[in-house]
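Participant:
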Amino acid sequence: MYICICNALTDRRLKDAIAANPNQRPEDVHAACGCRTKCGKCLTVVKEMLQNHCASFEALPQGVK
Ligand code: FES
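Each residue of the sequence shown is one higher than the last, beginning at 75 in the numbering used here.
#1: Express the C-alpha separation of residue 104 and residue 112 in angstroms, rounding to a whole number.
#2: Beta strand (DSSP E) containing residue 128: first to last residue?
#3: How would you call residue 77, buried or exposed, if buried means at least 16 neighbouring beta carbons within 10 angstroms?
#4: Which same chain residues, not among the five before or five after residue 110, have their C-beta less than 7 Å away from its C-beta?
#5: So, residue 94 versus residue 106, is the Cβ gap smaller than 8 Å?
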């Protein structure tokens with residue numbers, strides 16, 4: 075599913091960039107995908123994806139991280 079229409083970034087592409095480096099700002103995720111933020115309408119969703127990734131990582135049992 076396309077999340078960023080301006081850059082044709084899909085949820086899969088964004089998740090891969092977030093998994094590679096979850097400690098980044100939403101704008102940095104665009105840069106990791108080789109593009110830059112344009113209209114900014116997707117930033118809320120990208121921020122939620124970052125938060126969800128970190129939350130799921132924190133929920134893992136000890137020793138699995
Ligand atoms: S929808 Fe992502 S920058 Fe416009």
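We put the beta carbon where it would ideally sit given N, CA and C, even for glycine.
Facilitator: Based on what the coordinates show:
#1: 10 Å
#2: That residue, residue 128, is in no beta strand (DSSP E); its alpha helix (DSSP H) goes 117 to 132.
#3: buried
#4: 104
#5: yes
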